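Just so you know, we're using the numbering used here here: the sequence shown kicks off at 163 and counts up by one. What follows is a short report on a single structure.
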Amino acid sequence: MSRLSYEQQEIRLRRPLEPPAETLAPAPTTRRRGMLSAPVVFTAAFLTLATLLVLRNWALFSVVINEGGDSGANSILVLRAKDFDQLVGNYSRLGFNHPGPAFLYVQAFGEWLLHDLLHVVPSPWNGQTVALLVLNAALLAGALAVLGSWLRSWTAIGLAGAVLVGYAATAPDPVIAGTWMPLLYFPPFLLLLTAAASVAAGRADHLWVLGLAGGLLVHGHAEFLFFVPLIAGAAVAALIRRRRSEPASITRRAWLPLAGVLAVFTFPILVSLVVHWPGEFGKYLSYGSSSQAGGHTPWSSALYVVRFWPGEHPLTQSIVAVGSWTAAVVLTSRLPDGPARRYLRAALGIAGLATALFAVYAQFGIDHLAETYIGFFSYALPLLVITVVVLAAGESLRVRAPRPAAPRLVAAGAAIALVAGLLAAGNAPTLATPRYDNVPELAAAMPSVIAWAAGQPLVLELRGDSPLPDPTPLLLAGKRSATRICVRDPWWTWIVTKELVCTDEEVATGKQALLSAPGDVPASSTTVADLGRFVLSVSTPPAQRHRPARAPLPPGRL
């Protein structure tokens with residue numbers, strides 16, 4: 163059935179006494195009566211999601227967070243980004259940095275605006291986190307706007323939004339509220355999938371959205387150098403095949419915004435390559451060609467892929483995955499020809515391609531499949547498939563049901579589901595941003611540290627492996643208070659940057675201090691600062707060490 167006949171059928175259902183007009187069957191990129199405005203959908207979805215995330219994490223505006231661990235290491239890079247001096251992304255446990263600094267600049271903007279300028283948050287990390295939550299809301303709203311441009315009804319948007327917030331509320335990890343880097347890839351990956359499906363279905367004006375999502379992902383993690391080109395390339399190839407007959411000017415007009423987006427994301431990567439050739443990319447190639455990468459069986463890789471589907475056991479997760487895919491394919495195939503069917507089929511095709519690529523990457527790219535966090539982004543795959551099931555079922559009921567009240571029932575059901583999802587998400591622990599590696603004792607300890615340093619460099623020696631002492635809270639506090647604190651061991655360069663590794667002169671002339679677990683403090687040392695899990699101590703000079711008290715003289719003797 164052609165798209166024209168589908169439009170005519172839809173009009174007859176809505177206005178049985180009004181004959182359809184031939185002009186109501188334009189190309190997919192032309193606005194039609196009844197089609198939702200993408201900016202309106204985006205604005206409504208963004209305001210709803212941003213409000214939900216910010217209110218759920220209102221404590222960020224009152225509770226001081228002194229970050230450490232990965233958050234602390236990222237904040238060191240954020241400080242460089244505030245000076246526009248950061249060209250690469252966060253560090254990897256494999257000894258390199260990820261390709262680009264996009265997320266770090268978002269954090270830098272949030273810290274500058276909300277903490278430094280407006281003073282509405284009590285600590286820098288809080289400003290970074292609010293900015294990331296707002297970014298997540300924008301990316302998720304973008305995915306809903308893409309869906310709305312094809313399904314053309316607030317009912318469909320309500321259903322998709324209900325699935326999204328319900329999924330986020332019940333997921334085992336905070337996929338839309340977490341600010342740990344592996345969790346930040348979920349929203350742009352969902353946007354990549356929805357935009358790629360739209361482009362593959364024939365909508366060239368979503369090319370720039372595809373570029374935006376892909377650029378964020380590539381900046382965020384080296385693994386997306388594999389995923390993004392293949393997924394985006396498949397979508398563009400499908401678009402070119404569909405649009406061969408259209409004027410070249412339309413294609414050029416759609417490609418120009420994409421070129422601008424790609425230029426922004428490519429610039430820091432190219433500068434880093436030119437200045438530090440071959441830069442991080444040489445390390446990526448070295449890892450990819452080493453025995454450390456991959457080496458897993460297809461079966462173990464498949465189990466890793468289904469690990470991110472709903473369920474507590476691999477068997478349950480596999481059943482949910484197979485059942486969802488089956489329902490999505492069957493329901494979509496039964497839809498009448500038209501924009502909804504075309505887009506939902508394209509979404510399944512892109513989801514299938516991404517799933518296959520994920521299995522390949524798990525088998526040949528991941529070093530240890532026990533590291534679940536590497537695949538956090540793939541939570542977007544079951545969400546997209548489940549969303550297709552719900553939307554296809556709703557569209558089928560709306561179009562095929564003979565009762566005039568059917569569309570109203572679907573709309574009412576969507577509204578109820580959305581409200582229920584928002585209420586569930588509002589109380590869900592997975593929508594509360596975890597306060598990663600907070601060191602609450604730091605604020606009280608820093609005056610003692612600054613006083614003991616007395617204007618000289620403080621050289622940190624780290625002792626212990628379990629747990630490994632974390633110097634990032636002290637290093638950050640030093641930079642923020644203009645106190646020179648550095649680590650002695652150059653091994654830490656890949657985590658804390660070369661800037662915070664002591665020079666030979668600082669090692670020779672600075673004040674030496676030991677950072678260790680409380681149980682590793684030498685008996686002859688004095689504690690300068692208690693940081694909870696770790697203690698900063700200094701060696702006590704012999705003249706100041708405790709000596710036994712002299713026995714008192716007998717009575718009557720001088």
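By construction, the Cβ of each residue, glycine as well, lies at the ideal position given by its N, Cα and C atoms. Here the structure is a predicted model, which is why all the values come from computation and not from measurement.
8 Å Cβ cutoff met for residue i and residue j
i	j	result
Ala685	Phe696	no
Ala416	Asp367	yes
Gln525	Gly456	yes
Val327	Leu222	no
Ala394	Leu372	yes
Thr688	Val325	no
Leu493	Val551	yes
Gly376	Met343	no
Thr592	Ala212	no
Asn228	Thr595	no
Leu392	Leu546	no
Gly527	Phe388	yes
Leu677	Pro631	yes
Ala675	Leu620	yes
Pro284	Val225	yes
Gln290	Val250	no
Leu553	Ser462	no
Tyr541	Glu385	no
Segment limits, beta strand (DSSP E) that includes residue i
i	result
Ala675	Lys673 to Ser678
Leu624	Leu620 to Leu624
Leu698	Val697 to Ser701
Asp692	Ser687 to Asp692
Val649	Ile647 to Val649
Assigned exposure category for residue i - 16 Cβ within 10 Å defines buried
i	result
Tyr253	buried
Glu114	What is shown of the chain runs 163 to 720, which leaves residue 114 out entirely.
Leu557	According to the sequence displayed, residue 557 carries Glu and not Leu. Buried.
Leu378	buried
Trp288	The amino acid at residue 288 is misidentified as Trp; the sequence shows Asn. So Asn288 counts as buried.
Ala606	exposed
Pro440	exposed
Ala189	The pLDDT assigned to Ala189 is 42, lower than 50, so where the model puts this residue is not dependable; a value taken from the coordinates is nonetheless given after this. Exposed, by the Cβ-count rule.
Ser701	exposed
Thr488	exposed
Pro474	One detail in the question is off: residue 474 reads as Glu in this sequence, not Pro. Exposed, since its Cβ has fewer than 16 Cβ neighbours within 10 Å.
Pro460	exposed
Thr205	exposed
Tyr347	buried
His260	buried
Nearest neighbour of residue i, chosen from the options [CA to CA]
i	options	result
Gln479	Val467, Pro635 and Val202	Val467
Ile238	Pro349, Ile548 and Thr634	Thr634
Leu214	Gly456, Leu302 and Leu401	Leu302
Thr665	Ala330, Leu585 and Leu622	Leu622
Phe443	Gly681, Ile431 and Leu345	Ile431
Val216	Thr205, Ala691 and Asn298	Asn298
Pro263	Leu515, Asn236, Leu256 and Arg365	Asn236
Ala490	Pro501, Gly514 and Pro476	Gly514
Val663	Leu676, Ile647, Asp627 and Ser233	Ile647
Pro286	Glu667, Arg642 and Gly681	Arg642
Arg597	Leu211, Arg405 and Gly230	Gly230
Ala615	Asn589, His458 and Leu698	Leu698
Gly485	Pro544, Ser434, Val522 and Ala516	Pro544
Leu732	Val649, Asn589, Leu346 and Leu209	Because the chain here runs from 163 to 720, residue 732 falls outside it and cannot be looked at.
Ala362	Tyr505, Ala305, Leu309 and Phe208	Tyr505
Ala590	Trp370, Arg365, Gly340 and Arg242	Gly340
Arg255	Asp529, Leu693, Ser628 and Gly626	Asp529
Ala397	Ala425, Arg414 and Ala359	Ala359
Ala464	Val426, Thr517 and Gln454	Thr517
Residue interval of the alpha helix (DSSP H) (run including residue i)
i	result
Leu275	Note, Leu275: premise wrong, no alpha helix (DSSP H); not H, not E.
Ala397	Phe386 to Arg404
Asn236	Gly231 to Lys244
His381	Leu369 to Gly382
Arg496	That residue, Arg496, is in no alpha helix (DSSP H); it is neither H nor E in DSSP.
Glu133	With the chain covering only 163 through 720, there is no way to say anything about residue 133.
Ala307	Pro286 to Leu313
Lys660	No alpha helix (DSSP H) holds Lys660; DSSP gives it neither H nor E.
Trp316	Trp316 to Thr332
Gln454	Run containing Gln454: none; DSSP gives neither H nor E here.
Gln525	Pro501 to Phe526
Counting Cβ pairs closer than 8 Å, one from the region 591 to 608 and one from the region 651 to 661, do we hit at least three?
Counting C-beta pairs with one atom in each stretch, the region 591 to 608 and the region 651 to 661 have fewer than three that are closer than 8 Å, which means they do not touch.
Does the region 329 to 346 come close enough to the region 308 to 319 that 3 or more CB-CB pairs lie under 8 Å?
The region 308 to 319 vs the region 329 to 346: no contact.
Quick one: any contact between the region 270 to 286 and the region 232 to 249, if contact means 3 or more CB pairs under 8 Å?
The region 270 to 286 is in contact with the region 232 to 249.
If you pair each beta-carbon of the region 537 to 547 with each one of the region 469 to 479, do three or more pairs fall below 8 Å?
Touching, yes.
Does the region 497 to 515 touch the region 354 to 365, meaning 3 or more C-beta pairs lie closer than 8 Å?
Contact between the region 354 to 365 and the region 497 to 515 is present: 3 or more CB-CB pairs across the two stretches fall below 8 Å.
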